[in-house]
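There are 2 protein chains.
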Amino acid sequence: MEENRPVFSGEVHIDGARIIYVGDGAGAGAGNDKDDAAGAPWDRQIDCQGNLLMPGFKNAHTHSGMTLLRSYADDLPLSEWLNNQVFPVEAQMTADDIYHLTRLAVLEYLTSGITAIFDMYLTPESIAQACTDMGMRCVQVGAANNFGQTTETVAEMFAKLNQKDSLNSYILGFHAEYTCSEELLGRVAELSHRYQAPVFTHLAETAAEVQGCRERHGGMTPAVYLDSLGIFDHGGGGFHCVHMSEADMEVFQKRGLYAVTNPASNLKLASGIAPVAEFLERGIAVAIGTDGPASNNCLDMFREMFLVTGLAKVKESNAAAVDAMEVLHMACVNGAKAMGLTEAVSLAPGQLADMVMIDLQQPNMQPLNNIAKNIVYSGSKQNVMMTMINGKVLYEKGDFYAGSEVSAIYAKAGDIIRRLKA
Amino acid sequence: MEENRPVFSGEVHIDGARIIYVGDGAGAGAGNDKDDAAGAPWDRQIDCQGNLLMPGFKNAHTHSGMTLLRSYADDLPLSEWLNNQVFPVEAQMTADDIYHLTRLAVLEYLTSGITAIFDMYLTPESIAQACTDMGMRCVQVGAANNFGQTTETVAEMFAKLNQKDSLNSYILGFHAEYTCSEELLGRVAELSHRYQAPVFTHLAETAAEVQGCRERHGGMTPAVYLDSLGIFDHGGGGFHCVHMSEADMEVFQKRGLYAVTNPASNLKLASGIAPVAEFLERGIAVAIGTDGPASNNCLDMFREMFLVTGLAKVKESNAAAVDAMEVLHMACVNGAKAMGLTEAVSLAPGQLADMVMIDLQQPNMQPLNNIAKNIVYSGSKQNVMMTMINGKVLYEKGDFYAGSEVSAIYAKAGDIIRRLKA
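If you read the sequences in order, they're chains A and B.
First residue of the first sequence: 0, per numbering that gives the first Met the number 0; consecutive thereafter.
First residue of the second sequence: 0, per numbering that gives the first Met the number 0; consecutive thereafter.
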C-alpha cells in the first residue's frame, strides 16, 4: 500500500508493536539489538511460504455489540425491524452484555483480517475494555442523540479514551441528524471547535431520512444542514452516504470529509446504492465498513470489498468503474486515515504492526494473474491465514490467540440472548 | 430441505453413494447389513459435534475452464474484455488445458460446499474426465453456436455423457440467441423434440443483447423469439435473465422454465440486477450460479446467496423481499431440479449422498438465533467443514481428497497461462 511499491518478495521485521524493516531481507537483522551469537535474533520467525503479507483491513463503521441480534429478525421492513425488534432488546442490554457481545464480534473481525474497527455503540467503556482484553485496535465514535448518550458523555469519553499508546481511541460523533435536536448538534459543534477535532455521524442512509431532513430544516439535505451548524469545520465524515445531493457532495469536498460506505447493509435494509464512483471523481475519500451484524449480518471485509466495486459497476453501467486497487486502498489506507490511525496505514518502518497474511495457495487465488484483483474479486475469510494487531498474532490458521476461550464467548452470547428474549 | 422438516438433531447414514437413513438415530443401524458383532457397523463414523449437515449447493451456471482468466483482465468494458482479452486466449486453449483448468475449479467448488455444477464450456469430454477423476458431479449443457460447437456435437455428447450411475450428465443447450443463426436454433429445437428434453441457454443477460434481438427478430425479445422456434417446448431455462420483458416472463411461466441468476457476474460486468422477486411472485423457479471465474471472479455460493436476496431487497426497495429460506431452496433444491438431479435435492433416504457440513462454531454463526439466516446472510467458505459427493468425502477441514495433489494442479494452471500469454 506504499505508493510506487507493488507486491514484492521479501521480509517484514517487527519490534514490539511496530514494523522496523520492510525489504528483500539481504543483510537486514544483522545490526538488530536482539541479535545474538546463537543465531536467534528473533523471538519468532514466521515463514510465510510465498503467501501475502499486507496491511490489515480497517472496518470503518460497525456496531460490534449488535452481534446479539444477528439473524434475530431479518427480512422485515426497516421500521418494523428497528422499532419492534432491535430497540426493545437494546433497551435491556447492560454494559457487561455489550462487553461480551463485543468480544464475539472481535473474533469475527480477526477471521476477516480486520485489524481496527470504528465502533459506535452504547457503552464506550465496556467496549474499550473488551478490545483491550482481546488485543483489538478500536476507535470509538460518539453516538450522542436525544434519547440516550449525551454530549457530556461524548466529551468525557473523548478525554478518557484518547490515551497515548493505547489500543483504544475516540472520535467525536453523534448518532444522526434525525435523532438529534439542533441544540444538541450545536453542542457537538462546540466540542469540535474546542478540541479542533473531526466529527462523524450516520448520514444520508435512506431516502426517507433525507426527505425528513429537508422538511425539518428548510429544504437543506443532511450534510448541508450539519455543515451550516459548523459541525464539519474540523473535518470528519458520514457513515452510509447513500442519498447525496449535489450540495452534500460539495460539503464533503470543501471540508475534506470521508464517505464511509456500507454496501451489504444498504442492500439488506433496502436503503440503496451509494455513489462511490462519483465520490472518487470528486476526490472524496471513501472508506469501507460492515455496519453492525444485525443489519449485514456478518463482519466480512471481503464481501464488502466486492460489493463496493460490483455495485459501483452496475450503478454506473460501466464494468471499468472503481478498480480493485482503489478498493484495497479504501479498505486498508482510507479507513485508517478516517479513524485517525495514520500509523496503521501500510507496511513500512515505523508503522504499527497491524497486518494480515493472505493464503495464496487456495484455489480461489490461482492462477496468480493479479494479486490485488484476486483479493478484491475472489477473496474470502477462508484466505486469512494470520491476523496480527500491534505486533501480536491474534489469529493464525483458524485458531484464536485473543485472550479468551472461544467457547466461553459463544456460551455467554447465548446466555444473553436467552435472557433478553425471556 | 425436506418440506415440514426444520433443522433437527440426529444422524445421517450412508451406504455407497446414497443416503439410507435420516433421523434421531434411535435404534437405527441395528438392521444394517454392514452391522457386525464387533460393534463396528460402519466404515467410518463422523461426529459432527453439533454442526450442520445440509444438502450441497448446486452451482447452476458456470464455465469452469475459465479459471485461467481469473483476474487476467478485469475492470474493462465488457466488449473490450471479451473481444480483446478473453476470446484470443480461449482460441488457443486445448482440451487438455481445459481438463486441468476444470480441476482447479473443482477444488474451489469443494471449498464452497458446491456438490454439483451446471457447466457450459468448450470441450465436453475433457471436462467430464476432469470431474470423473476428481469425484465431482457435473451436468454439462450444450454450447452450440455459429462459430464453434455444432449441434452435431451437442447430439453426440447428449448420447455419450448421459450414462446411468455416472457423475456426469448432459443437457441440450446453445450459447445464446445472438451467437446462433435461426437455422442452427431450428436444429436445437429438433433435438429437443426428438429427445423430449429441456434446453438451456444464456438469455437476456444485457440490455444490448435484448435490443439486438428485437432488431434481428421483428421486435421479439429473447425468450419470446426462442419459444417461437419451439426451443422451450420441453422446458429448460435461461442463464442470467436480467432484462426480461413481460412477454418473456409469460414464456417462462407457460413453459415452466428455470431462471438461473448470476448476481456477482451481473454486477462485475455491469449487466444489471435480475428481477428475482418478480420471478418468485410469478411462480418461476429460480436457481443460482456463479458464472465463470473470469467474470466473477470466484466460485463462491455464499457470496451469490447473499447477493440474490440483497440485490432483490434494494431493487424492490423492500427489506422483506426474498427471504433467506427461499434463497437456500434456490441454491440446494431448485439448482438440482434445473440440472435434472432430482435425486440430489435433500437429505432423505434414497437421495444421493451429496452434502456439506457447516461449521456453526465460528463467530459468524453465533449466536444461533436462526441457522438458515446465518448461512445466507453471514455464511462464508470458511464455514465449510466438509464436502461430500456421491458418498465420498472430497474436502474436510481444509484438506482435499479429490484424487490429485493440489500443488500440481496449481502448477499446471500457471504453466498454461504462461504458455498462452507468450
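Think of the CB as a built atom: it goes at the ideal place given N, C-alpha and C, for glycine as much as any other residue.
Treat the numbers as computed from the prediction; the structure is a model and nothing was measured.
Quick one: what does DSSP say A/Asp-299 is sitting in, helix, strand or coil?
Counting from 1 along the first sequence, the entry for residue 299 of chain A is found at position 300. A/Asp-299: coil per DSSP, three-state reduction.
Contact criterion: CB-CB distance below 7 angstroms. Does B/Asn-373 meet it with respect to chain A?
What you label residue 373 of chain B is simply residue 374 of the second sequence in a count that begins at 1. Cβ-Cβ to chain A under 7 angstroms: yes for B/Asn-373.
Which residues, taken in chain order from the stretch 107 to 119 of chain A, show a beta carbon closer than 7 angstroms to some beta carbon of chain B?
Glu-107, Thr-110
Which of helix, strand or coil does DSSP assign to B/Gln-139?
The count along the second sequence starts at 1 and reaches residue 139 of chain B at position 140. Residue state, collapsed to three classes: strand.
Residues of chain D with CB closer than 7 angstroms to the CB of A/Phe-199, please, in chain order.
Within the model displayed, chain D is absent; protein chains A and B are what it includes.
A/Lys-57 beta carbon less than 7 angstroms from that of A/Gly-229
Against the first sequence, residue 229 of chain A aligns to sequence position 230. Against the first sequence, residue 57 of chain A aligns to sequence position 58. Contact: no.
Cut-off 6 angstroms between Cβ atoms - residues of its own chain near B/Ile-19, not counting five sequence neighbours on either side:
For the purposes of this step, residue 19 of chain B is taken as residue 20 along the second sequence, with counting starting at 1. Result list for B/Ile-19: His-12, Pro-348, in chain order.
What does the Cβ neighbour count give for A/Ala-293, buried or exposed, with the cut at 16 atoms within 10 Å?
Sequence index remark: in the first sequence, residue 293 of chain A carries index 294 (1-based). Buried is the call here.
Comparing the C-beta of A/Pro-87 with each C-beta of chain B, is any distance below 7 angstroms?
Translated into the one-based positions of the first sequence, residue 87 of chain A becomes position 88. It does not; no Cβ of chain B falls within 7 angstroms.
A/Ile-416 - DSSP class collapsed to helix/strand/coil
Your numbering for residue 416 of chain A matches position 417 in the first sequence. Correct three-state label for A/Ile-416: helix.
From the beta carbon of B/Asp-34, is the nearest beta carbon of chain A less than 7 angstroms away?
As a position in the second sequence, residue 34 of chain B is number 35, starting the count at 1. Summary for B/Asp-34: the model assigns pLDDT 46, below 50, so the residue's position carries little reliability; its value from the coordinates is reported in the next sentence. So no, B/Asp-34 is outside the interface.
Can you confirm whether B/Cys-331, when its beta carbon is compared against all beta carbons of chain A, has any partner nearer than 7 angstroms?
In the second sequence, the residue the question calls residue 331 of chain B occupies position 332. False, the Cβ-Cβ gap to chain A never drops below 7 angstroms.
From the DSSP output, which residues share a beta bridge with A/Gly-172?
For the purposes of this step, residue 172 of chain A is identified with residue 173 of the first sequence, where counting begins at 1. In the DSSP output, where bridge partners are listed per residue, A/Gly-172 has A/Phe-199.
When you check each C-beta in the stretch 375 to 406 of chain A against every C-beta of chain B, which residues fall closer than 7 angstroms?
Tyr-376, Ser-377, Ser-379, Lys-380, Gln-381
Could you work out which residues of chain A lie near B/Ile-19, taking near to mean beta carbons separated by less than 9 angstroms?
Locating residue 19 of chain B in the second sequence gives position 20, counting from the first residue. Those do not exist, as B/Ile-19 stays about 32 angstroms from chain A at its closest Cβ, beyond 9 angstroms.
List, from N- to C-terminal side, the alpha helix (DSSP H) runs of 4 residues or more that fit wholly inside the stretch 63 to 91 of chain B.
86 to 89
B/Ala-319 touches chain A at which residues, Cβ-Cβ below 7 angstroms?
Taking the first residue of the second sequence as 1, we reach residue 319 of chain B at position 320. In chain order: Asp-74, Leu-75, Pro-76.
Selected residue, minimal CA-CA separation from B/Ile-370, among B/Phe-7, B/Ile-283, B/Glu-342:
Residue 370 of chain B sits at position 371 when you count from the first residue of the second sequence. Per the Cα distances, B/Phe-7.
From A/Asn-373 to B/Gly-15, what does the alpha carbon distance come to, in whole angstroms?
Residue mapping note: residue 373 of chain A aligns to position 374 of the first sequence, counting from 1. Residue mapping note: residue 15 of chain B aligns to position 16 of the second sequence, counting from 1. Spanning the two alpha carbons is a distance of roughly 38 angstroms.
Which residues in the same chain have their Cβ closer than 6 angstroms to the Cβ of B/Asn-31, if we skip the five residues on either side of it in sequence?
Sequence index remark: in the second sequence, residue 31 of chain B carries index 32 (1-based). Because the pLDDT of B/Asn-31 is 49, which lies under 50, any placement of that residue in the model is unreliable, and the question is left without a value.
My output table needs one value for B/Tyr-409: the three-state DSSP class, helix, strand or coil.
In the second sequence, residue 409 of chain B corresponds to position 410, counting from 1. Reduced to three states, the DSSP call for B/Tyr-409 is helix.
Assigned secondary structure, A/Pro-123 (DSSP; H/G/I helix, E/B strand, else coil)
Locating residue 123 of chain A in the first sequence gives position 124, counting from the first residue. A/Pro-123 falls in the helix class under three-state DSSP.
Around the Cβ of A/Ala-29, are there at least 16 other Cβ atoms within 10 angstroms (buried) or fewer (exposed)?
For the purposes of this step, residue 29 of chain A is taken as residue 30 along the first sequence, with counting starting at 1. Its pLDDT being 45, under 50, A/Ala-29 is placed unreliably in this model, and the value from its coordinates should be taken loosely. Its Cβ having fewer than 16 others within 10 Å, A/Ala-29 is exposed.
Cβ-Cβ distance between A/Ile-113 and A/Met-300 below 7 angstroms
Here residue 113 of chain A corresponds to residue number 114 of the first sequence, with the count starting at 1. Here residue 300 of chain A corresponds to residue number 301 of the first sequence, with the count starting at 1. Cβ distance < 7 angstroms, so A/Ile-113 and A/Met-300 count as in contact.
Beta strand (DSSP E) containing A/Thr-61: first to last residue?
Along the first sequence, read from residue 1 onward, the residue named residue 61 of chain A stands at position 62. 56 to 61 is the extent of the beta strand (DSSP E) around A/Thr-61.
Quick one: Cα of B/Ala-36 to Cα of B/Asp-23, how far?
Against the second sequence, residue 36 of chain B aligns to sequence position 37. Against the second sequence, residue 23 of chain B aligns to sequence position 24. Here the model assigns B/Ala-36 a pLDDT of 44, short of 50, so the residue's position is not dependable and the matter cannot be decided.
Ends of the alpha helix (DSSP H) at A/His-328?
Within the first sequence, the letter at position 329 stands for residue 328 of chain A. Note, A/His-328: alpha helix (DSSP H), 323 to 328.
Could you tell me which chain B residues have their CB closer than 7 angstroms to the CB of A/Trp-41, listed as they occur along the chain?
Here residue 41 of chain A is taken as the residue at index 42 of the first sequence, counted from 1. Near A/Trp-41 there are no residues of chain B at all, since even the closest Cβ is about 28 angstroms away, more than 7 angstroms.
At 4 residues or longer, what runs of the alpha helix (DSSP H) sit wholly inside the stretch 209 to 271 of chain A?
221 to 227, 245 to 254, 262 to 267
On a Cα-Cα basis, can you pick out the residue from B/Arg-302, B/Gln-195, B/Val-250, B/Ala-269 that is closest to B/Phe-278?
Indexing the second sequence from 1 puts residue 278 of chain B at position 279. Checked all of B/Arg-302, B/Gln-195, B/Val-250, B/Ala-269; the closest Cα to B/Phe-278 is B/Val-250.
Going by C-alpha to C-alpha distance, which of A/Glu-176, A/Pro-197, A/Ser-227 sits closest to A/Glu-204?
Counting from one through the first sequence, the residue named residue 204 of chain A turns up at place 205. Closest option to A/Glu-204, Cα to Cα, is A/Glu-176.
Along the chain, where does the alpha helix (DSSP H) that runs through B/Phe-7 open and close?
The residue labelled residue 7 of chain B in the question sits at position 8 within the second sequence. No alpha helix (DSSP H) holds B/Phe-7; DSSP gives it neither H nor E.
Can you tell me whether A/Leu-306 is helix, strand or coil according to DSSP?
Translated into the one-based positions of the first sequence, residue 306 of chain A becomes position 307. A/Leu-306 falls in the helix class under three-state DSSP.
Residue closest to A/Arg-102, alpha-carbon to alpha-carbon, out of A/Glu-404, A/Lys-420, A/Arg-417, A/Ala-421:
The sequence position of residue 102 of chain A within the first sequence is 103, counting from 1. Nearest of A/Glu-404, A/Lys-420, A/Arg-417, A/Ala-421 to A/Arg-102, Cα basis: A/Glu-404.
Is B/Tyr-177 close to chain A, meaning its C-beta is less than 7 angstroms from at least one C-beta of that chain?
Here residue 177 of chain B refers to the residue found at position 178 when the second sequence is read from its first residue. Taking Cβ atoms only, chain A never reaches closer than 7 angstroms to B/Tyr-177, which makes this a no.
For A/Met-385, which residues in the same chain have their Cβ closer than 7 angstroms to its Cβ, ignoring the five residues on either side in sequence?
By one-based count along the first sequence, residue 385 of chain A stands at place 386. Cβ neighbours of A/Met-385 beyond the five flanking positions: Val-355, Met-356, Val-392, Tyr-394, Glu-395.
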